[in-house]
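To get the working numbering, take the position in the sequence shown, counting from 1, and add 1222. Note sheet for the following structure.
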Amino acid sequence: MQLIILDRDGVINEDSDAFIKSPTEWTPVRGSLEAIARLHRAGWRVVVATNQSGIARGLFDMDTLARIHETMHSRVIESGGLIDAVFFCPHGPDDGCSCRKPQPGMFHDIASRMHTGLRGVPAIGDSLRDIQAAQAAGAMPLLVKTGKGSATVRHADFDPATPVFNDLYGAVNHLLAN
Ligand SMILES: [Mg+2]
Ligand SMILES: [Zn+2]
């Protein structure tokens, strides 16, 4: 079983500084649904790990987040893909939780749920905290330039050894070719 961990906002769907607060605001990044379908057809298990502090901020509730994820699952399935599980952190930056990236808590939960280690497991994100969480968990971080990614590559703390791709489709193309 090959596992891959994807960030959501800025990787699968277009990010918004105003947060994705409803299913209608969820718009896929070009090529991302096809990329997930390619992973699924190649036998990969696709799991999402996403910070959703909009819950803690009171911008949307758990029920709305569930409906947003139903939309995401439906769009992925319509495109021939499958997301096995979505792990999310509902906390805010000051809550001191262990799941909000850059903390590796969600990655550890995924490893435990999927009964696997994370060494060599690709973890694709657009933010520095995605890369840091993946590194802390011993996974293999990859950055995409969609969402916050083009700013992340210029960040002083960005590890230049991290592979960078234009988008999820490009990253998946690379992973499936190797
Ligand atoms: Mg993101
Ligand atoms: Zn959390």
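Don't be surprised by glycine CBs; every beta carbon is placed ideally from N, CA and C. Quick caveat, the model's predicted, so the values are computed rather than measured.
Residue i: CB within 7 Å of a non-hydrogen atom of ligand 1
| i | result |
| --- | --- |
| Asp1379 | no |
| Asp1237 | yes |
| Ser1275 | no |
| Lys1370 | yes |
| Asp1317 | no |
| Asp1306 | no |
| Ser1349 | yes |
| Asp1389 | no |
Nearest-angstrom beta carbon gap, residue j and residue i [assumed within contact, 8 Å]
| i | j | result |
| --- | --- | --- |
| Ala1356 | Ala1345 | 4 Å |
| Arg1297 | Pro1250 | 6 Å |
| Leu1264 | Ile1227 | Note on identity: in this sequence residue 1264 is Ala, with Leu being the wrong assignment. With 8 Å as the limit, Ala1264 and Ile1227 do not qualify as a contact, their Cβ atoms being about 16 Å apart. |
| Val1405 | Gly1347 | Residue coverage of the chain in this structure runs from 1223 to 1400, which leaves residue 1405 outside it and unanswerable. |
| Ala1307 | Val1366 | The pair is not a contact, with the Cβ atoms about 21 Å apart (cut-off 8 Å). |
| Gly1369 | Asp1231 | 6 Å |
| Ala1278 | Asp1317 | 6 Å |
6 Å CB neighbourhood of residue i in its chain, flanking five on each side removed
| i | result |
| --- | --- |
| Gly1302 | Ala1259 |
| Asn1273 | Cys1311, Arg1322 and Lys1323 |
| Phe1181 | Only positions 1223 to 1400 of the chain appear in this structure, which leaves residue 1181 out of reach. |
Own chain, CB closer than 7 Å to residue i, minus 5 neighbours either side, in chain order
| i | result |
| --- | --- |
| Pro1326 | Ala1355, Ala1358 and Ala1359 |
| Asp1379 | Leu1350 |
| Gly1253 | Asp1389, Leu1390 and Tyr1391 |
| His1295 | Ile1305 |
Helix, strand or coil at residue i according to DSSP, with G and I counted as helix
| i | result |
| --- | --- |
| Gln1274 | coil |
| Asn1395 | helix |
| Asp1237 | coil |
| Thr1352 | What sits at residue 1352 in the sequence shown is Asp, not Thr. Three-state DSSP puts Asp1352 in a helix. |
| Pro1312 | coil |
| Pro1245 | helix |
| Asp1283 | coil |
| Ala1307 | strand |
| Asp1379 | coil |
| Val1204 | Because the chain in this structure spans residues 1223 to 1400, residue 1204 falls outside the shown range and cannot be described. |
| Asp1231 | strand |
Ligand 2 heavy atom lying under 7 Å from the CB of residue i
| i | result |
| --- | --- |
| His1330 | no |
| His1337 | no |
DSSP bridge partner residues for residue i (one or two, in chain order)
| i | result |
| --- | --- |
| Arg1267 | Leu1225 |
| Met1362 | Pro1344 |
| Pro1250 | Asn1235 |
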